[in-house]
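Asks: As given, the protein sequences belong to chains A and B, one line each in that order. Position 190 of the first sequence, counting from 1, maps to 220 under my numbering, and the rest follow consecutively. Position 666 of the second sequence, counting from 1, maps to 679 under my numbering, and the rest follow consecutively. Virtual Cβ for every residue (Gly too), placed ideally from N, Cα, C.
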Amino acid sequence: MAKELLSFNNDTTCSSWNYSSTRLASGSTDGSLSIFDFIHPSSSSSLRSSFNSKIHEGPIVKVVWVPPEYGDAVACVTADGIVSLWEEVAHDSQPLQWKNFKIFRCGLSKVLDVQFGSLTTLKMVAAYSDGHVRVYELLDPLELKNWQLQAEFQNVVESVSAFGKALCLSASISWNPQKGGSQEPNFIIGFNSNTAELNSSKVWEFDQAHQRWLPVAELALPEDKGDQVYAVAWAPNIGRSYETIAVATHKGLGIWNLGLNPDHDGRLPLERVALLSGHEGMVWQMEWDMSGMTLATTGHDGMVRLWQSNLNGVWHQQAALEPTS
Amino acid sequence: MPGVASDTAINGGALIPFSDDTDHSLPVYPLNHGLTAPISRLAISWSHGNSLRVSIFAAEPSRSSDSQSCGGKVLEVKLGGGDPEITDAYLRRIAYGSVSPFALLQSRRSEVSALLKAPSPYQLDWWEHVLEYSKEITSLLGGPKLSPCAIIEDPNEIVKKGEEPTCLKAAWELMEIFYADKQSQAWLPERLVEWLAGYDSLFTSTQETIHGKLVNFQKDLVNIQVIEDDPRYWEAMSSALSVGWLDIVVKMLRLHGSYQLDQLSNRELENGLVEAVAVLISKMPRLRPESPAGNLGECFKSKPDFTKAWERWRSQITKLDCSPFWIQCDNHQTREGLRNMLQIMLGKTENLSKATCYWLELYISHFLYIRPFTMGMESMYNLAQKCIQLKPPSSTHRLTGLMIGIIGENTEVVLAECSREFGPWMVAHAIELLTAGSEHAEILLHDENYNLGGISIVELHRLVYAQVLSSHALTWQIAPIYLTACMKQGMGLLENLLYRQPVQHNDLLLKNIEICRLYELDNISSNIMKVAGVYHWKHGHKGAGVFWLQQAQDATRLNRIAQQLFDSVGKSISDESFKQWEGVIELLGSESKPAGGLEFLHKYRDFKKSLQQVSGGKSSDAARQATVSLIMLMKNPSTPQRFWLPLLYDSLKLLNWKDGPLLNVCETNLLLNKVEELSLAKLRPDFIEPNVPGEAIRSIRLALATNLGRAILEE
Chain A
31 MAKELLSFNN DTTCSSWNYS STRLASGSTD GSLSIFDFIH PSSSSSLRSS
81 FNSKIHEGPI VKVVWVPPEY GDAVACVTAD GIVSLWEEVA HDSQPLQWKN
131 FKIFRCGLSK VLDVQFGSLT TLKMVAAYSD GHVRVYELLD PLELKNWQLQ
181 AEFQNVVESV SAFGKALCLS ASISWNPQKG GSQEPNFIIG FNSNTAELNS
231 SKVWEFDQAH QRWLPVAELA LPEDKGDQVY AVAWAPNIGR SYETIAVATH
281 KGLGIWNLGL NPDHDGRLPL ERVALLSGHE GMVWQMEWDM SGMTLATTGH
331 DGMVRLWQSN LNGVWHQQAA LEPTS
Chain B
14 MPGVASDTAI NGGALIPFSD DTDHSLPVYP LNHGLTAPIS RLAISWSHGN
64 SLRVSIFAAE PSRSSDSQSC GGKVLEVKLG GGDPEITDAY LRRIAYGSVS
114 PFALLQSRRS EVSALLKAPS PYQLDWWEHV LEYSKEITSL LGGPKLSPCA
164 IIEDPNEIVK KGEEPTCLKA AWELMEIFYA DKQSQAWLPE RLVEWLAGYD
214 SLFTSTQETI HGKLVNFQKD LVNIQVIEDD PRYWEAMSSA LSVGWLDIVV
264 KMLRLHGSYQ LDQLSNRELE NGLVEAVAVL ISKMPRLRPE SPAGNLGECF
314 KSKPDFTKAW ERWRSQITKL DCSPFWIQCD NHQTREGLRN MLQIMLGKTE
364 NLSKATCYWL ELYISHFLYI RPFTMGMESM YNLAQKCIQL KPPSSTHRLT
414 GLMIGIIGEN TEVVLAECSR EFGPWMVAHA IELLTAGSEH AEILLHDENY
464 NLGGISIVEL HRLVYAQVLS SHALTWQIAP IYLTACMKQG MGLLENLLYR
514 QPVQHNDLLL KNIEICRLYE LDNISSNIMK VAGVYHWKHG HKGAGVFWLQ
564 QAQDATRLNR IAQQLFDSVG KSISDESFKQ WEGVIELLGS ESKPAGGLEF
614 LHKYRDFKKS LQQVSGGKSS DAARQATVSL IMLMKNPSTP QRFWLPLLYD
664 SLKLLNWKDG PLLNVCETNL LLNKVEELSL AKLRPDFIEP NVPGEAIRSI
714 RLALATNLGR AILEE
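1. What are the partner residues of histidine 162 of chain A, as DSSP defines its beta bridges?
2. Taking the alpha carbon of proline 317 of chain B as the point to measure from, which residue in B:Arg714, B:Gly110, B:Leu300 and B:Thr362 has its own alpha carbon closest?
3. Rounded C-beta distance between serine 64 of chain A and serine 79 of chain A? I'm assuming under 8 Å.
4. What ranges does the alpha helix (DSSP H) occupy inside the segment 207–263 of chain A, keeping only unbroken runs of at least 4 residues that lie completely in it?
5. Quick test of the definition: if touching needs 3 or more C-beta pairs under 8 Å, does the segment 321–338 of chain B touch the segment 198–218 of chain B?
6. Please confirm if isoleucine 268 of chain A has its CB atom under 8 Å from at least one CB of chain B.
7. With 8 Å set as the bound, which would you pick, yes or no: does the beta-carbon of valine 67 of chain B sit closer than that to a beta-carbon of chain A?
8. From this set, A:Phe217, A:Ala181 and A:Gln258, which residue's C-alpha is nearest leucine 199 of chain A's C-alpha?
9. In chain B, what lies closer than 9 Å to phenylalanine 38 of chain A by C-beta?
10. Just grab the DSSP bridge partners of arginine 335 of chain A for me.
11. With burial defined as no fewer than 16 other Cβ atoms inside 10 Å of the residue's Cβ, what is the status of cysteine 400 of chain B: buried or exposed?
12. Tell me, please, whether the CB atom of methionine 312 of chain A is closer than 8 Å to any CB atom in chain B?
13. Check the Cβ of glutamine 315 of chain A against every Cβ in chain B and list those closer than 7 Å, keeping chain order.
14. Does DSSP classify glutamate 141 of chain B as helix, strand or coil?
15. Kindly list, in the order they appear in chain A, the residues whose Cβ is closer than 8 Å to that of glutamate 508 of chain B.
16. Going by DSSP, what residue range makes up the beta strand (DSSP E) through asparagine 287 of chain A?
17. Under 8 Å between beta-carbons, which chain A residues line up against histidine 61 of chain B? List them in chain order, please.
18. For arginine 204 of chain B, count neighbouring Cβ atoms within 10 angstroms of its own Cβ and tell me buried if that reaches 16, exposed if not.
19. Measuring straight from C-alpha to C-alpha, what distance separates glutamate 527 of chain B and tryptophan 337 of chain A?
20. Comparing alpha-carbon positions, which option in A:Ser45, A:Ser50 and A:Ala32 lies nearest glutamine 514 of chain B?
21. Can you tell me where the beta strand (DSSP E) with tyrosine 272 of chain A in it begins and where it stops?
22. Consult DSSP for aspartate 243 of chain B and reduce its assignment to one of helix, strand or coil.
23. Just reading off the beta strand (DSSP E) that alanine 103 of chain A is part of, what are its end residues?
24. Looking at the C-beta of glycine 88 of chain A, does it have a partner C-beta in chain B at a distance below 8 Å?
25. Anyone know if the C-beta pair for isoleucine 39 of chain A and glycine 84 of chain B falls short of 8 Å?
26. Could you check where the alpha helix (DSSP H) with serine 633 of chain B kicks off and where it finishes?
27. What would DSSP say about methionine 297 of chain B, mapped onto helix, strand or coil?
28. Counting Cβ pairs, one atom from each stretch, are 3 or more of them under 8 Å apart for the segment 223–239 of chain B and the segment 469–488 of chain B?
29. So, does the CB of threonine 328 of chain A fall closer than 8 Å to a CB anywhere in chain B?
30. Do you know how far the Cα of glutamine 196 of chain B is from the Cα of aspartate 319 of chain A?
31. Quick check on DSSP: helix, strand or coil for glutamate 502 of chain B?
32. Pull up the distance between the alpha-carbon of glutamate 445 of chain B and that of arginine 475 of chain B, whole angstroms please.
33. Measuring only the C-alpha atoms, how far is methionine 312 of chain A from histidine 280 of chain A?
34. With C-beta atoms as the reference, is tryptophan 314 of chain A less than 8 Å away from alanine 261 of chain A?
35. Can you list the residues of chain B that lysine 33 of chain A reaches, using a CB-CB cut of under 7 Å?
36. Given a cut-off of 8 Å on the beta-carbon distance, is the pair serine 451 of chain B and valine 440 of chain B in contact?
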């Protein structure tokens, strides 16, 4: 049933596939970034390394691909919380090579997660260990070096709420995967921190009229608002009249349906349609398939679990994959 | 209302039909990675369609043992595994073959809907189209193959070996019989008899069957001396008779020892009885239009004719059964064997039950000998229940599950069975048969369902199948046929599918763009071309990059490229890069006017070209040409001020031309004025310091002054 595509070097800690699942980027504890390509691009045969270089002194903890409209590029998040953008380019009849174009650092706070969203311009949302969220905007669509800080805010509904110094262990961001269309860009973010107000996952939408980001939905029941969020995933919508988002906390895996039309407060109507248990602990990652009908998750129990809704709209675990040696 | 779905239906509502989730326990599949070290983390990513890629990272790399040890693996898992009976290659052949019947049926559906102005194509002769579709699919699943044995007759061959039947084909035919073939509804029982004759062997995997019995008997045939003394001979014949395999029975009867020439004289009576039974069997009346050429039995199309013949036949059997000849027959085995066969033909439940191996065979035997007129689903269902009670199944075969769903008229169960046992191809295609079956099913399957995100069950299964198709490089291109048959969400999925195709290879790219054009997905098409443009531009194929960005009409990026071209103005660049630069200007210019300042770039290119010729040789013509270009550039209002100085600095050679002044007084004055303007502009805050040596402006002034003097003298 399973086919082996690649063996990693020692110390590899993270990996990520590009938009067309034809290139794999991986990062290691020794700070090296590797890129792998299929030997025969048309068939998913085996992969070979096309780039490998030490790009940082410390470990790389996350690799994220930039949308293909902006080139073949990855953002590497390091354990010390720095983001560096690397791109494969050929300059002035030189051969193709991976080059560093930009490094994002921010004082003492560390970047925990970054995700790219692209509608009219490329935007990068970064979640920081002090609970701040920063949205950067790319100024020149052909050059990945010029970025502008578009907004900075905390993941709270009431901006006036006061709390002590926040310490966040992890964060998870997921953009609405819509392409084109008239909708404003929006994403969801949740934190795993010591500050209850920051934790719950919230949907942020850009308000064109006032040029600012607004929280339009909070995906947590009143009694669960302080729960630490492990992972969020926004499902592709191929024609539903509502959006579907998965949120994982220690209570389990919540599946939320989010209405498209805001009420008079500007909030989107939402409903938790399922709370599923399975991983018993930390959820590492959640990924929706291309139709938004199947959710794959991994977590602390070392399993891959697959979730679906049946014909009656009841969500359940459909199957599990158990790694064995 | 379809009513509350049964448990099976809920279970089978699964979108991904995993092969063996027959019970409610969660199926757990092993993921063999072969790593020795414990696992620290997993990463997952969906590839195309249903394939999931899992990265497995080892915890502590075992440095001590060997440096070659592996830090992790990437595995690809294809979900929704298909039918174990059918190879991937064969399934792909089926997938390709079923596209055109499916597409034809869809286009007919829309024609009919347009005619009726009603969405439901049910009524009229719709089923005829469905039947035609079904026949085409059947032929795709493997046609009957004439076995070589049929040509060279082997008297000892009882069971013919034809093409290996598949459960998939058997299931399809079963659904065709019940849902699509309205013409044969009148002789449904006979069609089932035929169906079992073709597919009984498939059940051998889970239980004893008559087919299996016959095959085993045939194997031993060569070792048997006196066939009629072997109880298995009679057992095999009565079994074959019970499910109506008349040809086989008659053929076996003729193997009876009494037919042998040397025996004929002393076993005349015995032989007469055997022959009488054989004749009765071969005259059995059947309620069906006609049987395949050469098959035994007499066919009657109309019920009254059949009833008459049936009565007469039965009376003949009864007569033979009561005949005094039996007492005179001294071969015990023959006597008992033949009389048992007569009882089967007379429809004695006990004998039938003994002769058949499992409930489905018993069920079929009822149609033949007890209730040839069984009609209507309810009575068929009750009969099946009765047979199951008489012969409780030890395990369920996937075909019997489907059968019970069909005769139980439970559309959900039928769908669930199809989906679970035969996979997404089956459901997506068989749903056409189901909807042709009844208005109730039609409503159930076409109703939009909020729980499914506002789509119908039909659409859902097409989407699921399309997703399976898109998992493979060889089949994804037929997925659009199924997606475009989905009113609500097909296009959305098609967009996602196309967006995820790689753009590096032109043939694939062109194919994708063609698909976009076909389905009017302009948005996606321009996005694909944009991605291709950026890819080529950044990977050093500037020409292809500009071409695709122009195709995508991406004004923003084209403008940026034009801006980048300006950066080269006034800089000394190598021949190679000048050529490339020139090529890009050419490309950008071929479109009407996508980027500003192009006029300047064109003129600048002409100027630069003649200037290169000048530096190459000493041609005065070239120098004159360059001068003309220079003046044109300086006169033109579209030439940005920041380029004046670099332009003039580049032209120093022209201004100091040895063979005489190239500029006349008027032209020289124009340039002097520009230099003056530049000196003033320098005082403004937004002035951009051009990238030229500090003394440039002085040398230009000097050259212009010299030129002016020489020009005045010349004039």
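Replies: Quick look at the numbers:
1. Within the first sequence, numbered from 1, the residue matching residue 162 of chain A stands at position 132. Bridge partners of histidine 162 of chain A: A:Gln184.
2. For the purposes of this step, residue 317 of chain B is identified with residue 304 of the second sequence, where counting begins at 1. Comparing Cα-Cα distances from proline 317 of chain B to each of B:Arg714, B:Gly110, B:Leu300 and B:Thr362, the minimum goes to B:Leu300.
3. Position 34 of the first sequence, counting from 1, holds the residue named residue 64 of chain A. Position 49 of the first sequence, counting from 1, holds the residue named residue 79 of chain A. Correct: roughly 6 Å between the Cβ atoms.
4. 226–229
5. no
6. Within the first sequence, numbered from 1, the residue matching residue 268 of chain A stands at position 238. Yes, isoleucine 268 of chain A counts as interfacial toward chain B.
7. Here residue 67 of chain B is taken as the residue at index 54 of the second sequence, counted from 1. Yes, its Cβ sits closer than 8 Å to a Cβ of chain A.
8. By one-based count along the first sequence, residue 199 of chain A stands at place 169. If we check each option's Cα against that of leucine 199 of chain A, A:Gln258 comes out closest.
9. Walking along the first sequence from the start, residue 38 of chain A turns up at place 8. Ser68, Ile69, Phe70, Ala71, Cys83, Gly84, Gly85, Lys86 and Val87, listed in chain order.
10. The residue given as residue 335 of chain A occupies position 305 in the first sequence. Answer by DSSP bridge pairing, in chain order: A:Thr327 and A:Ala350.
11. On the second sequence, residue 400 of chain B is found 387 positions in, with the first residue counted as 1. Under this definition cysteine 400 of chain B is a buried residue.
12. Numbered from its first residue, the first sequence carries residue 312 of chain A at position 282. Judged by the 8 Å Cβ criterion, methionine 312 of chain A is not in contact with chain B.
13. For the purposes of this step, residue 315 of chain A is identified with residue 285 of the first sequence, where counting begins at 1. In chain order: Ala56 and Ile57.
14. Counting from one through the second sequence, the residue named residue 141 of chain B turns up at place 128. Here glutamate 141 of chain B sits in helix by DSSP.
15. Along the second sequence, read from residue 1 onward, the residue named residue 508 of chain B stands at position 495. Here the neighbours are Lys209 and Ile268.
16. Position 257 of the first sequence, counting from 1, holds the residue named residue 287 of chain A. Where asparagine 287 of chain A is concerned, the enclosing beta strand (DSSP E) stretches over 282–289.
17. Position 48 of the second sequence, counted from the start, is the residue given in the question as residue 61 of chain B. By Cβ distance, chain A contributes Ser51 and Met320.
18. On the second sequence, position 191 is the one that residue 204 of chain B refers to. So arginine 204 of chain B ends up on the buried side.
19. Stepping through the second sequence from its first residue, residue 527 of chain B is reached at position 514. Stepping through the first sequence from its first residue, residue 337 of chain A is reached at position 307. Each residue's Cα considered, the two are about 35 Å apart.
20. Sequence index remark: in the second sequence, residue 514 of chain B carries index 501 (1-based). It is A:Ser50 whose Cα lies nearest to the Cα of glutamine 514 of chain B.
21. Counted from its first residue, the first sequence places residue 272 of chain A at position 242. Start and end: 272–279.
22. Sequence index remark: in the second sequence, residue 243 of chain B carries index 230 (1-based). Looking at aspartate 243 of chain B - three-state DSSP - the assignment turns out to be coil, as it is neither helix nor strand.
23. By one-based count along the first sequence, residue 103 of chain A stands at place 73. Unbroken beta strand (DSSP E) run through alanine 103 of chain A: 103–108.
24. Here residue 88 of chain A corresponds to residue number 58 of the first sequence, with the count starting at 1. No, its Cβ sits nowhere closer than 8 Å to a Cβ of chain B.
25. If you number the first sequence from 1, residue 39 of chain A lands on position 9. If you number the second sequence from 1, residue 84 of chain B lands on position 71. Correcting the residue identity first, residue 39 of chain A is asparagine in this sequence and not isoleucine. Yes, these two residues count as a Cβ contact at 8 Å.
26. Position 620 of the second sequence holds residue 633 of chain B. Residues 633–648.
27. As a first step, residue 297 of chain B must be located in the second sequence, where it is residue number 284. The answer is coil: DSSP assigns methionine 297 of chain B none of H, G, I, E or B.
28. no
29. Within the first sequence, residue 328 of chain A is the residue found at index 298, counting from 1. Yes, because at least one Cβ of chain B sits closer than 8 Å to the Cβ of threonine 328 of chain A.
30. Here the question's residue 319 of chain A lines up with position 289 in the first sequence. Here the question's residue 196 of chain B lines up with position 183 in the second sequence. Roughly 44 Å between the two C-alpha positions.
31. Stepping through the second sequence from its first residue, residue 502 of chain B is reached at position 489. Here residue 502 of chain B turns out to be glutamine, not glutamate, going by the sequence shown. If DSSP states are grouped into helix, strand and coil, glutamine 502 of chain B belongs with coil.
32. For the purposes of this step, residue 445 of chain B is taken as the residue at position 432 of the second sequence. For the purposes of this step, residue 475 of chain B is taken as the residue at position 462 of the second sequence. When rounded, the distance between both Cα atoms is 11 Å.
33. As a first step, residue 312 of chain A must be located in the first sequence, where it is residue number 282. As a first step, residue 280 of chain A must be located in the first sequence, where it is residue number 250. Approximately 7 Å between the Cα atoms of the pair.
34. For the purposes of this step, residue 314 of chain A is taken as residue 284 along the first sequence, with counting starting at 1. For the purposes of this step, residue 261 of chain A is taken as residue 231 along the first sequence, with counting starting at 1. Going by C-beta atoms, tryptophan 314 of chain A is nearer than 8 Å to alanine 261 of chain A.
35. Position 3 of the first sequence holds residue 33 of chain A. Going along chain B in sequence order, the residues near lysine 33 of chain A (Cβ under 7 Å) are Leu88 and Glu89.
36. Within the second sequence, numbered from 1, the residue matching residue 451 of chain B stands at position 438. Within the second sequence, numbered from 1, the residue matching residue 440 of chain B stands at position 427. Contact flag unset, no.
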